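Below you'll find the structure, written out as structure tokens, and then a few comments.
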Amino acid sequence: MNMVESIRSKKVKVIEIPKWGVYLRKQWEESFANHLSNKEKESIYLYDEDGLCGYLWHLFSYERRKCLKEEQADIAFNKEMKKSCYVFYQHLDDAFILENATFITAEDFVNEEDIYVVDKEFSWTYVKTHETGWCGPYFSKKDKAQ
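Right, dumping it as structure tokens:
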């Protein structure tokens, strides 16, 4: 069963929003990395430049924003109140809106890589990386900036 089917089996309404990835990544950056200068963002490879693959989650792996990591991140995400969420990827422009997402857990994203889950207000985020076990997953709240 793929991620969307798994989430729908929990009676969550999944709305596909093609091409929203660019917008959501920018909104995520503005919400969680707005305390960094452009030079600081470049220094942690936040962007895809010069053949180096940028990742928004470098904000956490380079410790530029407080976050919970690994199992603690999963636990915090599972406990977070989830009504409506956006789900998007680092390298894909397709995204999803999850409505009635109360029962969504970290387990729903276990087979995903470089995926971001954020509430519609961008007040918290959960990130599952392609380096999970070494880097991530991560969970952070907006008011936890360093």
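The sequence shown begins at 1 in the numbering used here and counts up one residue at a time.
Backbone N, C-alpha and C define an ideal beta-carbon position, used for all residues, glycine too.
Since the model is a prediction, treat every value here as computed from it, not as a measurement.
Euclidean distance between Cα positions of Lys114 and Leu46: Here the question's residue 114 lines up with position 114 in the sequence shown. Here the question's residue 46 lines up with position 46 in the sequence shown. First, the amino acid is wrong: residue 114 is Asp here, not Lys. Roughly 13 Å separates the two Cα atoms.
Let me check understanding here. Comparing Cα to Cα, which of Val127, Asn2, Ala101, Cys85 lies closest to Ile17? For this step, residue 17 is matched to residue 17 along the sequence shown. Considering only alpha carbons, the answer is Cys85.
Is the beta carbon of Lys65 less than 7 Å from the beta carbon of Leu59? Locating residue 65 in the sequence shown gives position 65, where the first residue counts as 1. Locating residue 59 in the sequence shown gives position 59, where the first residue counts as 1. It should be pointed out that residue 65 corresponds to Arg in this sequence rather than to Lys. Contact: yes.
What residues in its chain sit with their C-beta under 7 Å from that of Gly21, if we drop five residues either side in the sequence? If you number the sequence shown from 1, residue 21 lands on position 21. Excluding residues within five positions, the ones whose Cβ falls inside 7 Å are Phe88, Tyr89, Leu92, Asp93, Asp94, Ala95.
Per the DSSP calculation, Lys128 is bridged to which residue(s)? Along the sequence shown, read from residue 1 onward, the residue named residue 128 stands at position 128. The partner list for Lys128 (beta bridge, DSSP) reads Ile115.
Distance between Ser61 and Cys135 (C-alpha atoms, nearest Å): Taking the sequence shown and counting its residues from 1, the one referred to as residue 135 is at position 135. Taking the sequence shown and counting its residues from 1, the one referred to as residue 61 is at position 61. Roughly 6 Å separates the two Cα atoms.
Where does the unbroken beta strand (DSSP E) through Leu98 begin, and where does it stop? Counting from one through the sequence shown, the residue named residue 98 turns up at place 98. 95-99 is the extent of the beta strand (DSSP E) around Leu98.
Three-state secondary structure (DSSP) at Ile17? As a first step, residue 17 is located in the sequence shown; it is residue number 17 there, counting from the start. It is a strand residue.
Report the partner residues of Cys85 according to the DSSP bridge assignment. Sequence index remark: in the sequence shown, residue 85 carries index 85 (1-based). According to DSSP, which records beta bridges pairwise, Cys85 is partnered with Leu98, Asp119.
State yes or no: is the C-beta of Phe77 within less than 7 Å of the C-beta of Tyr116? Taking the sequence shown and counting its residues from 1, one reaches residue 77 at position 77. Taking the sequence shown and counting its residues from 1, one reaches residue 116 at position 116. It is not a contact, given that the beta carbons lie outside the stated cut-off.
By the 10 Å Cβ neighbour count, where 16 or more other Cβ atoms means buried, how is Glu5 classified, buried or exposed? Reading the sequence shown from its first residue, position 5 is the one you call residue 5. It is exposed - the Cβ of Glu5 has fewer than 16 other Cβ atoms within 10 Å.
Looking at Ile97: is its Cβ nearer than 7 Å to the Cβ of Lys82? For the purposes of this step, residue 97 is taken as residue 97 along the sequence shown, with counting starting at 1. For the purposes of this step, residue 82 is taken as residue 82 along the sequence shown, with counting starting at 1. Cβ atoms of Ile97 and Lys82: not closer than 7 Å.
Just curious, the alpha helix (DSSP H) that Ser140 is in, first and last residue? Residue 140 sits at position 140 when you count from the first residue of the sequence shown. Here Ser140 belongs to no alpha helix (DSSP H); instead the beta strand (DSSP E) covers 138-141.
Pro137: which of Ser31, Asn111, Asp143, Lys120 sits nearest, CA to CA? Position 137 of the sequence shown, counted from the start, is the residue given in the question as residue 137. Selected option, being the one with the closest Cα: Asn111.
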